[in-house]
Amino acid sequence: MAVVITAIVYIILGLALAVGGWKVISLDGTWYFAVMAAGFLLTGILLLARRRAALWVYALVMLGALGWAIYEVRFDWWQLAPRGSIIAPLGLWLLTPWIAQRLSWQHFGARAWGGSAIPLMAAVLLWGATAVHAITTDSNDIKGMLPPPLATAPLTESADEVPEGEWHAYGRTQHGTRYSPLTQLTPSNVDRLEKVWHYQTGDLRRPSDPNETTYEVTPLKIDDSLYICTPHNFVIALDADTGEERWRFDPNVPDSANRQHLTCRGLSYHVSESPAEGQACQQRLFMPTADARLIALDAKTGKVCPAFGDNGAVNLWANMPNVQEGFYYSTSPPVVANGLVIVGGAVNDNVSTTEPSGVIRAYDVITGALKWNWDPGNPEQTEPIGDGETYSESTPNSWSISSADEALGLVYVPLGNEVPDQWGGNRGENTERFSSSIVALDLDTGELRWVFQTVHHDLWDMDVPAQPSLVDIDTENGPVPALVAPTKQGDIYVLDRRNGKPVLPVREVPAPQGAAEGDWAAPTQPVSALSYEPPMLQGKDMWGATFIDQMMCHIQFHSLRYEGRYTPPSTQGTLVHPGNFGVFNWGGVAVDPVRQMVFSTPAYLPFTSTLIPREDDQQTYVSDSEPHLNENFGAPFAVELKPFVSPIGLPCIAPPWGYVAGADLRTGKTHWMRKNGTVRDRAPVPLPFKVGVPSLGGPMLTGGGVAFLSGTLDYYLRAYDTTTGKQLGKWRLPAGGQATPMTYLSRTGRQMVVVVAGGHGSLGTKAGDSVIAYALPQ
1 MAVVITAIVY IILGLALAVG GWKVISLDGT WYFAVMAAGF LLTGILLLAR
51 RRAALWVYAL VMLGALGWAI YEVRFDWWQL APRGSIIAPL GLWLLTPWIA
101 QRLSWQHFGA RAWGGSAIPL MAAVLLWGAT AVHAITTDSN DIKGMLPPPL
151 ATAPLTESAD EVPEGEWHAY GRTQHGTRYS PLTQLTPSNV DRLEKVWHYQ
201 TGDLRRPSDP NETTYEVTPL KIDDSLYICT PHNFVIALDA DTGEERWRFD
251 PNVPDSANRQ HLTCRGLSYH VSESPAEGQA CQQRLFMPTA DARLIALDAK
301 TGKVCPAFGD NGAVNLWANM PNVQEGFYYS TSPPVVANGL VIVGGAVNDN
351 VSTTEPSGVI RAYDVITGAL KWNWDPGNPE QTEPIGDGET YSESTPNSWS
401 ISSADEALGL VYVPLGNEVP DQWGGNRGEN TERFSSSIVA LDLDTGELRW
451 VFQTVHHDLW DMDVPAQPSL VDIDTENGPV PALVAPTKQG DIYVLDRRNG
501 KPVLPVREVP APQGAAEGDW AAPTQPVSAL SYEPPMLQGK DMWGATFIDQ
551 MMCHIQFHSL RYEGRYTPPS TQGTLVHPGN FGVFNWGGVA VDPVRQMVFS
601 TPAYLPFTST LIPREDDQQT YVSDSEPHLN ENFGAPFAVE LKPFVSPIGL
651 PCIAPPWGYV AGADLRTGKT HWMRKNGTVR DRAPVPLPFK VGVPSLGGPM
701 LTGGGVAFLS GTLDYYLRAY DTTTGKQLGK WRLPAGGQAT PMTYLSRTGR
751 QMVVVVAGGH GSLGTKAGDS VIAYALPQ
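In terms of the working numbering, the numbers along the sequence shown are unbroken and rise by one, the last being 778.
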């Protein structure tokens, strides 16, 4: 009976491989699966006939599969594993007494493992030896070294007035480097970090919340207090030493079914030497809310600053076109510089062609009076707009974090795209100029000083997603004030922040053509000398838990349009790699201004983009409920966006899917790159396989040569040696840590590291409400 059941299994697998293999061949893919089908079918037929030749045939199947696997992927364990996950165990099963002794009456006892069984035993042993070699060989990492940190690092950045032990802005300073000069934590002692306190905000997810409800906040540390905001826009002040709550502010944001996101990445801070309101509100916090208000709070009491705007708030819907509750709000903290609070905002993705404006506005930090507005659709007119006027609709918006250089008098704004993201046939001249760009605006007037575009005629939702980091870089011609901008497509641009000209070379390369009807594709696209662009995918890169779902990924791959990065979206379906999740996203990078190096977290997850012709402006094609994302009402196409995954939900490309990397900003050379994170919290069985998983949430660097990151899809805060990238320690978190950690000095002189662990809705990480502080033992 065992032989018959085994034969049926082989025949079923053979038939599945035959059907799928023929489909792959018809799509101009590999013949491998069809050849394997023949081997499985012949093995099954011989087993039914109880012929020992089945062992010979299957030995050839195993040896052929191993040879083909090594030819395609060398000794990459995670590529070899699915290719052998069924083949090798089935070969071992044929050698068991239940099969080997029952294939012929002439072969019993020890004789069952002689003769025709010997080649199969050799094949099984060869697979085993290959597996051992592959699992002990790391073929993905770059193992090098950056120059070590200086023995005595400068305590402050250039033009930085933030005390060394504090954290006054989202990126610590308005330069956005996410670098602290503190040196108490070093590679030799950081593994001794222990939990000091654990605070829970009480702001948990509600049934009415959108799917993308997330904790992404980086706390501020000012004097002896920490300040955080929560997804529902509560603002909370904590004692920085104990984590005890000092005050809490609730802006009473109403629920809405129209919102795409519900998050608050952080607060902004301003201290006034001579406040207009006496001693109240001398130190103030600014928070944009999900119902499009900009609120000013007294940092000492948590009460609103009544002289700011209308009783403590500015209405960000003022002068907006296409007002619809929930369709415009800022998830990111504004920039506070030069006596101004400067704010952009996000619009819901691809609902219609009549969205609110992407205008950037600057308000007086004390009164809330509008000082200037920069409208991408009308960029020359920056004087405050008049009552009854409206900004340009559906212009590129800035949903991420900006940076500022007060010495140069410039604010640097990362911009997204005009909707719809995947079809641009009706975009205007200014949209083409500013989409997916970084713009430098005059702090005093809002006038445009320069623009650098990272994607021409963006059809892939490649918004500039992260805060630009400002750092001075040594070059052959002397020091240059530079700007470091990570992008979704994997390029890190290093520009002269005075004029937007490249410091590291940027070249234009030919791009695939053939956009959808009524649209066009840019003939070339820019590529930075410092780039984590993934190699062009091939059939051999397809992956799965077994060769069956790997074969299904081959079918998907060859069914989609794919000609490399920037393949235009299509009605056929286009493979977009990297996908709009991005190699880098809003977490950005961390920059060491002393060593002039960048610590980054490249991630690789392809998506598919399928255009669906619209028949009218009412019918829904890709959404079931409000706010009808990706319907693109008013455009000729809706768009269906999906991750590129196998039928069982695994990515169709092999791991690693996430790394940490260290590069020299003076040369653009990546000195080390290591896969990072495990599948412990993503797999059905919580096994801590270190495959390298994506991270959403930025890194943080310290002057002691240690970096911290908590945003991986497994629930850990990790520390790294910034010289080599080696992991130095990890600490388990109670929920997803998709936020950027920060560090500061306590009253007693301890260097604290704080991380927020509240999960991320669209990533599916565990929800929570934790704020946790770590320090060395006293």
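For every residue, glycine included, the Cβ atom is placed at its ideal position computed from N, Cα and C.
Source: prediction; values computed, not measured.
Rounded to the nearest angstrom, how far is the Cβ of residue i from that of residue j, given a contact under 8 Å?
| i | j | result |
| --- | --- | --- |
| GLY539 | GLY84 | Wrong, their Cβ atoms sit about 18 Å apart, outside the cutoff. |
| GLY39 | LEU60 | 7 Å |
| GLY781 | ASN397 | Here the chain has residues from 1 to 778 only, and residue 781 is not among them. |
| ALA117 | LEU95 | 6 Å |
| VAL365 | LEU340 | 6 Å |
| ALA590 | GLY698 | 7 Å |
| TRP657 | PRO82 | Actually they are not in contact, since the Cβ atoms of TRP657 and PRO82 sit about 15 Å apart, beyond 8 Å. |
| THR487 | VAL503 | Contact doesn't hold; Cβ gap of about 16 Å is too wide. |
| PRO298 | ALA280 | It should be noted that the sequence gives Asp, not Pro, for residue 298. About 6 Å; that satisfies the 8 Å criterion. |
| GLN467 | GLY386 | Between GLY386 and GLN467 the Cβ distance is about 32 Å, and since that is not below 8 Å, they are no contact. |
| GLU631 | SER623 | 6 Å |
| ARG50 | VAL3 | 6 Å |
Got a sec? Which residues, its chain only, sit under 8 Å from residue i by beta carbon, not counting five neighbours each side?
| i | result |
| --- | --- |
| SER531 | GLY490, ASP491 and ILE492 |
| ASP224 | ASP239, ALA240, ASP241 and ARG747 |
| THR567 | PRO512, ARG561, THR574, LEU575 and VAL576 |
| TRP127 | MET62, LEU66, GLY84, ILE87, ALA88 and GLY91 |
Can residue i and residue j be called in contact, C-beta distance under 8 Å?
| i | j | result |
| --- | --- | --- |
| ALA719 | GLY729 | yes |
| ASP291 | VAL253 | yes |
| THR610 | LEU709 | no |
| LYS195 | TYR716 | no |
| TRP247 | GLY309 | no |
| LEU443 | ASN338 | yes |
| ILE473 | ALA482 | yes |
| VAL509 | GLN525 | yes |
| THR395 | GLY358 | yes |
| VAL754 | PRO219 | yes |
| LEU713 | GLY758 | no |
| ASN258 | PHE327 | yes |
| TRP68 | ILE135 | no |
| LEU750 | LEU776 | The sequence shown places Arg at residue 750, not Leu. Yes, the Cβ-Cβ distance between ARG750 and LEU776 is below 8 Å. |
With H, G and I counted as helix, E and B as strand and the rest as coil, what does DSSP make of residue i?
| i | result |
| --- | --- |
| SER559 | helix |
| MET62 | helix |
| TYR71 | helix |
| GLN283 | strand |
| GLU432 | helix |
| PHE607 | strand |
| HIS133 | helix |
| MET597 | strand |
| LYS371 | strand |
| GLN79 | helix |
| LEU415 | coil |
| VAL662 | One point to set straight first is that residue 662 is Gly, not Val, in the sequence displayed. Residue state, collapsed to three classes: strand. |
| ILE5 | helix |
| MET752 | strand |
| TRP399 | coil |
| TRP247 | strand |
| ILE360 | strand |
Might you give, ordered along the chain, the residues of its own chain that have their beta carbon closer than 6 Å to the beta carbon of residue i, omitting 5 neighbours on each side?
| i | result |
| --- | --- |
| ASP203 | THR230, HIS232, PHE234 and ASP769 |
| THR213 | ARG205, PRO231, LEU262 and GLY761 |
| LEU103 | ARG50 and ARG52 |
| ILE5 | none |
| TRP536 | Looking at the sequence itself, residue 536 is Met, so the reference to Trp does not match. Once the five neighbours on either side are set aside, the close Cβ partners of MET536 are GLY564. |
| ASP375 | VAL359, TYR391 and SER392 |
With a CB to CB cut of under 7 Å and the five nearest residues on each side skipped, what residues in its chain are close to residue i?
| i | result |
| --- | --- |
| SER570 | ALA516, ARG561 and LEU611 |
| GLY312 | ILE295, ALA296, VAL304, CYS305 and PRO306 |
| THR723 | MET145, LEU146, PRO148 and GLY705 |
| THR445 | TRP372 and THR382 |
| VAL794 | Residue 794 lies beyond the range of the chain shown here (1 to 778); nothing can be said about it. |
| MET1 | none |
Exercise for the section: Run through the stretch 620-660 for me and flag every whole beta strand (DSSP E) of 3 or more residues, listed as ranges in chain order. Expected result: 637-643
Problem - Unbroken stretches of the alpha helix (DSSP H), 4 residues or longer, contained in the stretch 539-587 - result: 547-559
Practice task
Would you list, in sequence order, the uninterrupted beta strand (DSSP E) runs of no fewer than 3 residues that lie entirely inside the stretch 152-220?
Solution key: Within the stretch 152-220, the complete beta strand (DSSP E) segments at least 3 residues long are 194-200, listed from N- to C-terminus.
Handout entry: Segments assigned beta strand (DSSP E), at least 3 residues, entirely inside the stretch 671-750
Key = 700-702, 706-709, 716-721, 727-732 and 742-745
Problem - Contained beta strand (DSSP E) runs [length at least 3] in the stretch 460-526, N- to C-terminal order - result: 469-475, 478-486, 492-496 and 506-510
Handout entry: Runs of beta strand (DSSP E) wholly within the stretch 269-356 (minimum 3 residues, chain order)
Key = Segments of the beta strand (DSSP E) lying fully in the stretch 269-356: 283-288, 293-298, 313-315, 335-337 and 340-343.
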